[in-house]
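A.B. asks: Have a look at the structure that comes next, please.
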């Protein structure tokens with residue numbers, strides 16, 4: 025189970041010294057996270073109370089983190105988190121507090137409340153600290169990337185990365201790369217259907233979409249294709265896939281059990297996590313070497329967009345270690361979130377054929 029699955033179906037707000045007003049109570053926090061899938065909770069809450077309430081007045085399961093962790097394990101929480109959260113929202117209302125192990129959060133479901141929170145964040149929003157990821161970086165003496173930094177350092181890095189990752193002008197460079205990957209994925213699907221001999225293809229689509237997302241992210245960030253749609257996958261690329269999968273798998277338990285404790289007792293989950301991140305950073309090192317090799321071989325300007333990593337290296341505004349840290353985190357943050365969002369989107373489109381037809385017509389019109 026991956027970290028993005030753990031985040032499914034909730035806005036999660038964590039505590040900091042600043043007090044921000046939400047719609048029905050006031051909660052000391054400054055950060056939030058969100059995933060595209062919202063649980064269908066019964067909206068039976070009363071909006072009559074508008075007075076400010078203290079942090080300890082927030083309803084929920086937060087008084088015994090150890091007992092909650094045991095119950096979470098008993099309920100197979102990593103697989104059933106969305107069901108557990110629907111139940112909690114129906115029990116406690118649209119804002120509830122919980123503590124599982126050492127991890128404490130406040131969860132909100134109403135988009136209006138999330139909007140209030142984001143508007144109050146200011147120039148330096150409090151970023152969620154993924155202890156497993158920061159512990160690895162501290163252990164290996166590596167720099168934090170843009171997903172893990174806070175304060176002025178985060179803002180400086182974010183401003184520079186905005187120009188290379190989310191500005192409209194740069195996004196145009198991504199389209200040909202993503203279009204190529206998308207077309208290859210469609211070709212793969214048609215081949216699988218043809219080989220089945222039954223005019224259909226039954227598979228675990230989550231794995232296929234994971235490959236699609238990783239291939240897309242790798243193309244945009246590293247400027248390289250991994251060849252994940254081929255029948256034979258290069259062993260080096262397969263090792264990279266395995267490292268990413270292992271990193272996500274080992275992150276989940278360390279959201280609730282302190283990584284420092286697991287490291288101290290030499291737990292396998294910690295050792296696997298270190299091995300996974302080592303492999304991911306090694307991939308970044310290989311890509312950087314390939315980029316410099318290509319630059320030495322080129323005699324003129326390249327017509328093809330070289331990828332975010334090469335672009336950042338050429339701009340020379342950040343150190344190589346800062347670039348490597350942010351690129352690996354953008355990759356980690358972009359793969360599972362993309363694949364799971366696509367999985368739920370396809371599920372909902374399958375449930376609503378009329379919307380599927382409307383979307384198909386819209387895409388066809390845009391491509392004509």
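In the numbering used here, the protein residues as written are 25 to 392.
All C-beta atoms, glycine included, are put in the ideal place defined by N, C-alpha and C.
Nothing here was measured: the structure is a model prediction, and the numbers come from that model.
Please name the residue, chosen from 241, 116, 148, 320, that lies closest to residue 204 on a Cα-to-Cα basis.
C.D. replies: Locating residue 204 in the chain shown gives position 180, where the first residue counts as 1. Ranking 241, 116, 148, 320 by Cα distance to residue 204 puts 241 first.
A.B. asks: If we ignore side chains and look at the alpha-carbon of each, how far apart do residue 58 and residue 151 end up?
C.D. replies: Here residue 58 refers to the residue found at position 34 of the chain shown. Here residue 151 refers to the residue found at position 127 of the chain shown. Note that residue 58 scores a pLDDT of 39, beneath 50, so its modelled location is shaky; the value from the coordinates is reported in the next line. Using only the alpha carbons, I get a separation of about 13 Å.
A.B. asks: With DSSP as the reference, identify every bridge partner of residue 120, one or two as the case may be.
C.D. replies: Counting from 1 along the chain shown, the entry for residue 120 is found at position 96. 131, per the DSSP bridge assignment.
A.B. asks: Determine the closest residue to residue 260 out of 306, 201, 198, 234, with distance taken between C-alpha atoms.
C.D. replies: On the chain shown, residue 260 is found 236 positions in, with the first residue counted as 1. The residue with the shortest Cα to Cα distance from residue 260 is 306.
A.B. asks: Answer with buried or exposed for residue 319, where buried requires no fewer than 16 other C-beta atoms within 10 angstroms of its C-beta.
C.D. replies: Here residue 319 is taken as the residue at index 295 of the chain shown, counted from 1. With fewer than 16 other Cβ atoms within 10 Å, it is exposed.
A.B. asks: What residue from 144, 120, 125 has the CA that sits closest to residue 134's CA?
C.D. replies: Here residue 134 refers to the residue found at position 110 of the chain shown. It is 120 whose Cα lies nearest to the Cα of residue 134.
A.B. asks: Helix, strand or coil for residue 242? Go by DSSP, reduced to three states.
C.D. replies: Reading the chain shown from its first residue, position 218 is the one you call residue 242. Residue 242: helix per DSSP, three-state reduction.
A.B. asks: From this set, 331, 370, 79, which residue's C-alpha is nearest residue 198's C-alpha?
C.D. replies: As a first step, residue 198 must be located in the chain shown, where it is residue number 174. Selected option, being the one with the closest Cα: 331.
A.B. asks: Take the Cβ of residue 346 as the centre, count every other Cβ of all protein chains shown within 10 Å, and call the residue buried at 16 or more, exposed below.
C.D. replies: Working through the chain shown from its first residue, we reach residue 346 at position 322. Classification of residue 346: buried, given that the 10 Å Cβ count is 16 or more.
A.B. asks: What residue range is occupied by the uninterrupted alpha helix (DSSP H) comprising residue 394?
C.D. replies: Any answer about residue 394 is impossible in this case: the structure gives the chain only from 25 up to 392.
A.B. asks: Determine, using beta carbons only, whether residue 97 comes closer than 8 Å to chain B.
C.D. replies: Absent from the structure is chain B; it holds one protein chain and no more.
A.B. asks: The alpha helix (DSSP H) spanning residue 380 covers which residue range?
C.D. replies: As a position in the chain shown, residue 380 is number 356, starting the count at 1. Per DSSP, residue 380 belongs to the alpha helix (DSSP H) from 377-391.
A.B. asks: Can you say whether residue 364 is buried or exposed, counting buried as having 16 or more other CB atoms within 10 angstroms of its CB?
C.D. replies: Counting from one through the chain shown, the residue named residue 364 turns up at place 340. Buried is the call here.
A.B. asks: Can you give the Cα-Cα distance for residue 137 and residue 102, rounded to whole angstroms?
C.D. replies: Locating residue 137 in the chain shown gives position 113, counting from the first residue. Locating residue 102 in the chain shown gives position 78, counting from the first residue. Approximately 26 Å between the Cα atoms of the pair.
A.B. asks: Just the C-alpha distance for residue 358 and residue 293, rounded to the nearest angstrom, thanks.
C.D. replies: Residue 358 sits at position 334 when you count from the first residue of the chain shown. Residue 293 sits at position 269 when you count from the first residue of the chain shown. Distance between the alpha carbons of residue 358 and residue 293: 23 Å.
A.B. asks: Please classify residue 160: is it buried, with 16 or more other beta-carbons within 10 angstroms of its beta-carbon, or exposed?
C.D. replies: Residue numbering aside, residue 160 sits at position 136 when the chain shown is read from its first letter. It counts as buried.
A.B. asks: Can you round the beta-carbon distance between residue 383 and residue 373 to whole angstroms, since I take them to be within the 8 Å contact cut?
C.D. replies: Taking the first residue of the chain shown as position 1, residue 383 is located at position 359. Taking the first residue of the chain shown as position 1, residue 373 is located at position 349. Residue 383 to residue 373, Cβ: 7 Å. Contact.
A.B. asks: Would you mind reading off the limits of the alpha helix (DSSP H) that contains residue 332?
C.D. replies: Position 308 of the chain shown, counted from the start, is the residue given in the question as residue 332. Looking at the DSSP string, the run of the alpha helix (DSSP H) that includes residue 332 is 332-339.
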